[in-house]
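Working notes, beginning with the structure itself.
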Amino acid sequence: MKRMYYIFTPGKLKRKENTVFYVPFKNVEPQDDENLQNEVLLSVDSDMAESLPTNKIVLPVQDIDSFYIMTEASFNTKFLDFCSANKIPIHFFNYYGFYSGTYYPKEYLLSGSLLVNQVKHYSSISKRLEIARKFIEGAAFNLSKNLKYYNTRNKDLQAQIDTMEGLAMDIPSATSIEQLMGIEGNIRKVYYTGFEEILGKEFELISRKYNPPSNPLNALISFSNMMVYTTVLSEIYRTQLNPTISFLHEPGDRRFSLALDIAEIFKPLFADRLIFKMINNRQIQTKDFESRLNGYYLKDTARKAFVQEYDEKLKTTIKHRKLQKEISYRRIIRLECYKLIKHLIGDTEYEPFKIWW
Amino acid sequence: MHITGTQLNYFFVCKRKLWLFANHIQCEQESDLVLQGKIMHENSYSYEKKEYEFEGIKVDWLDLNNKVIHEVKKSDKVEEAHLWQLKYYLYYFRKNNIGEFTGEINYPKLRKKEQVMLTDDDVVYIEKIIDEIEVVKNLPFAPKVEKPMKICKKCSYNDLCWV
Ligand code: SF4
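Respectively, the protein sequence lines represent chains A and B. Here the first sequence stands for residues 1 to 357, numbered as in the numbering used here. Here the second sequence stands for residues 358 to 520, numbered as in the numbering used here.
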């Protein structure tokens with residue numbers, strides 16, 4: 001199966017025939033191959049990447065789904081051309097773990113009739129609302145599902161759950177996108193108050209501000225949300241959906257606003273659950289954060305640890321009830337894209353993913 | 358509009374598949390089955406040196422001297438879809454003044470071959486099918502299939518159709 005490659009050690013990416021060479025910069029301390037393998041490629045089954053005796057790693061192209069560049073890396077346009085030709089998106093994060101952008105290769109799956117339908121569903125307010133509602137409905141369901149999970153595990157979150165479910169009752173009758181966004185914002189506010197109960201004293205969520213995050217937990221939440229966003233974007237890339245035409249978010253909120261829409265549904269499962277788990281298991285602690293001029297940042301060791309868990313999570317398989325077969329968690333995102341396509345072409349009404357286990 | 362051999366094939370297999378394919382909607386499977394399918398397809402390119410393709414008509418092996426269109430089959434099971442696909446090529450060659458060809462289905466594993474001719478009745482039937490394919494392609498929505506069929510398991514649209 002194709003995998004995501006996460007690059008944490010500064011170095012150079014090169015195209016060499018039908019492979020990608022990864023060569024760490026000289027000023028990086030010399031490392032033995034095994035270390036290098038772990039350092040550079042956090043994709044957990046990186047055994048596929050054959051390591052050479054010369055501090056180089058060779059990645060066969062058919063094995064690469066996408067790259068995550070989490071550090072300084074250099075490459076030339078030949079490399080980018082190669083990634084385009086092989087349909088490999090590249091996601092960039094800066095030194096502090098902030099997402100800086102995606103190299104989204106030229107779209108290769110185009111369907112004129114789907115595009116027309118996607119635009120129609122954006123420009124008709126009733127059609128747009130119908131989809132936006134479903135996104136919020138799915139997100140709200142999965143958020144309260146997370147709290148319910150902990151509620152049965154010695155945490156008292158009943159008050160939050162009740163309030164959230166009360167707020168969610170207004171989703172079907174919302175008549176504007178702003179109203180929907182407002183409901184979602186309120187649900188999230190209540191949800192975040194549950195964090196303290198779930199996480200104990202370790203972290204206190206004071207307020208949630210963006211760029212830079214104002215407290216350690218926010219730094220972690222932002223980072224994990226961007227991981228989910230980029231994963232969704234990579235999956236959209238493998239379908240005929242246009243990533244810039246969205247329904248809940250305004251196209252232009254971000255370049256690929258459809259990925260923001262779909263990510264709402266998956267953040268509770270892929271981002272928040274991991275955060276709870278890692279903090280509760282003390283895999284991430286206060287010492288993993290660094291305070292900078294205007295906020296906190298997650299140190300890169302902790303980012304690596306998170307990414308490793310994240311990658312594992314995406315590879316976890318589960319039996320899909322309707323399809324009656326084992327699929328990976330990651331595949332659930334693709335299926336969401338397919339469901340949306342079916343809705344847009346007037347085939348089957350879209351129903352959002354709701355954690356069913 | 359021009360009809361490709363694949364579209365004709367899908368017309369027999371599943372009209373929904375024809376519609377999705379003609380509207381450029383694709384779906385990839387996650388399972389190994391498809392991975393294997395892909396690899397097999399890539400291996401079968403040993404025939405491709407002789408493969409002949411134009412306007413979406415793809416012929417396994419074209420013998421210009423004897424005017425024979427060959428189809429190479431792995432198993433001995435010839436589905437209706439494949440037979441009509443080959444007949445469609447014969448029809449297409451005739452219509453486009455490429456020449457009067459005959460068809461031959463080859464089963465290399467069984468060391469067997471089978472002749473295929475285009476009869477007048479076939480021509481009438483094919484023309485009827487061409488019209489029907491146009492109708493299906495231009496439907497505003499994908500034709501519905503009520504519940505999964507046997508062939509869905511192997512179809513690349515399985516996840517899209519049944520999720
Ligand atoms: S999965 Fe089944 S219904 Fe869907 S296109 Fe394929 S054969 Fe037709």
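Here a beta-carbon is modelled for each residue, glycine too, at the ideal position from N, C-alpha and C.
Buried versus exposed call for residue i [16 or more other C-beta atoms within 10 Å across all chains shown]
i, result
"Leu293 (chain A)", "exposed"
"His91 (chain A)", "buried"
"Gly185 (chain A)", "exposed"
"Tyr70 (chain A)", "Strictly speaking, residue 70 (chain A) in this sequence is Met, with Tyr absent from that position. Met70 (chain A) should be labelled buried."
"Gly460 (chain B)", "buried"
"Val116 (chain A)", "exposed"
"Val473 (chain B)", "buried"
"Leu260 (chain A)", "buried"
"Thr19 (chain A)", "buried"
"Phe230 (chain A)", "The question names Phe, yet the displayed sequence has Thr at residue 230 (chain A). When all chains shown are included, Thr230 (chain A) counts as buried."
"His359 (chain B)", "exposed"
"Gly138 (chain A)", "buried"
"Gln62 (chain A)", "exposed"
"Ser432 (chain B)", "exposed"
"Pro352 (chain A)", "buried"
"Asp477 (chain B)", "exposed"
"Leu111 (chain A)", "The sequence shown places Ser at residue 111 (chain A), not Leu. So Ser111 (chain A) ends up on the buried side."
"Ala302 (chain A)", "buried"
"Lys444 (chain B)", "buried"
"Pro60 (chain A)", "exposed"
"Leu25 (chain A)", "Residue identity differs from the one stated: residue 25 (chain A) is Phe in this sequence, not Leu. So Phe25 (chain A) ends up on the exposed side."
"Thr9 (chain A)", "buried"
Backbone secondary structure at residue i - three-state DSSP
i, result
"Tyr495 (chain B)", "The sequence shown places Asn at residue 495 (chain B), not Tyr. Three-state DSSP puts Asn495 (chain B) in coil, outside helix and strand."
"Lys322 (chain A)", "coil"
"Glu72 (chain A)", "coil"
"Lys418 (chain B)", "Before going further, note that residue 418 (chain B) is Trp rather than Lys in the sequence given. If DSSP states are grouped into helix, strand and coil, Trp418 (chain B) belongs with the strands."
"Gly362 (chain B)", "helix"
"Thr163 (chain A)", "helix"
"Tyr514 (chain B)", "coil"
"Leu41 (chain A)", "Low confidence applies to Leu41 (chain A): its pLDDT is 49, below 50, so where it sits in the model is not reliable, and the reading given next is rough at best. Of the three classes helix, strand and coil, the one that applies to Leu41 (chain A) here is strand, per DSSP."
"Lys444 (chain B)", "helix"
"Gln472 (chain B)", "strand"
"Met48 (chain A)", "Any reading at Met48 (chain A) needs caution, since the residue's pLDDT is 40, under 50, leaving its predicted position unreliable; the model's value is listed next. Of the three classes helix, strand and coil, the one that applies to Met48 (chain A) here is helix, per DSSP."
"Ser358 (chain A)", "Examination of residue 358 (chain A) is not possible in this model, given that chain A is present from 1 through 357 alone."
"Gly465 (chain B)", "Reading off the sequence shown, one finds Pro at residue 465 (chain B), where the question assumed Gly. In this structure, Pro465 (chain B) counts as coil in the three-state DSSP scheme."
"Lys12 (chain A)", "strand"
"Arg373 (chain B)", "helix"
"Ile508 (chain B)", "helix"
"Phe458 (chain B)", "coil"
Chain B within 8 angstroms of residue i, Cβ atoms only
i, result
"Leu323 (chain A)", "yes"
"Leu199 (chain A)", "no"
"Ser43 (chain A)", "Note that Ser43 (chain A) scores 39 on pLDDT, short of 50, meaning its location in the model is unreliable and no value can be drawn from it."
"Ser224 (chain A)", "no"
"Tyr338 (chain A)", "yes"
"Asp63 (chain A)", "no"
"Gly138 (chain A)", "no"
"Asp347 (chain A)", "yes"
"Lys342 (chain A)", "yes"
"Arg331 (chain A)", "yes"
"Arg282 (chain A)", "no"
"Ser126 (chain A)", "no"
"Ser234 (chain A)", "no"
Interface flag, residue i vs chain A, CB-CB below 8 angstroms
i, result
"Val520 (chain B)", "yes"
"His439 (chain B)", "no"
"His427 (chain B)", "no"
"Ile490 (chain B)", "no"
"Phe378 (chain B)", "no"
"Leu517 (chain B)", "yes"
"Gln383 (chain B)", "yes"
"Glu503 (chain B)", "no"
"Glu471 (chain B)", "no"
"Phe498 (chain B)", "yes"
8 angstroms contact criterion, which residue i and residue j should meet: CB distance rounded
i, j, result
"Pro243 (chain A)", "Leu258 (chain A)", "5 angstroms"
"Leu419 (chain B)", "Tyr514 (chain B)", "Incorrect: roughly 30 angstroms between the Cβ atoms, too far for contact."
"Val119 (chain A)", "Ile262 (chain A)", "Their Cβ separation, rounded to whole angstroms, is 18 angstroms, which puts Val119 (chain A) and Ile262 (chain A) out of contact at 8 angstroms."
"Ala73 (chain A)", "Leu13 (chain A)", "6 angstroms"
"Leu517 (chain B)", "Lys342 (chain A)", "7 angstroms"
"Lys372 (chain B)", "Pro500 (chain B)", "5 angstroms"
"Phe289 (chain A)", "Gly97 (chain A)", "Going by Cβ atoms, the distance from Phe289 (chain A) to Gly97 (chain A) rounds to 11 angstroms, so no, they are not a contact pair."
"Asp156 (chain A)", "Glu197 (chain A)", "7 angstroms"
"Phe67 (chain A)", "Ile7 (chain A)", "7 angstroms"
"Ala271 (chain A)", "Val228 (chain A)", "5 angstroms"
Uninterrupted alpha helix (DSSP H) stretches inside the region 71-128 of chain A (no shorter than 4 residues): 77-85, 112-123
Secondary structure, beta strand (DSSP E): runs of 3+ residues fully inside the region 275-306 of chain A: Counting whole runs of 3 or more residues, the region 275-306 of chain A contains the beta strand (DSSP E) stretches 289-292, 295-298.
Whole alpha helix (DSSP H) elements within the region 243-278 of chain A, 4-residue minimum: 257-266
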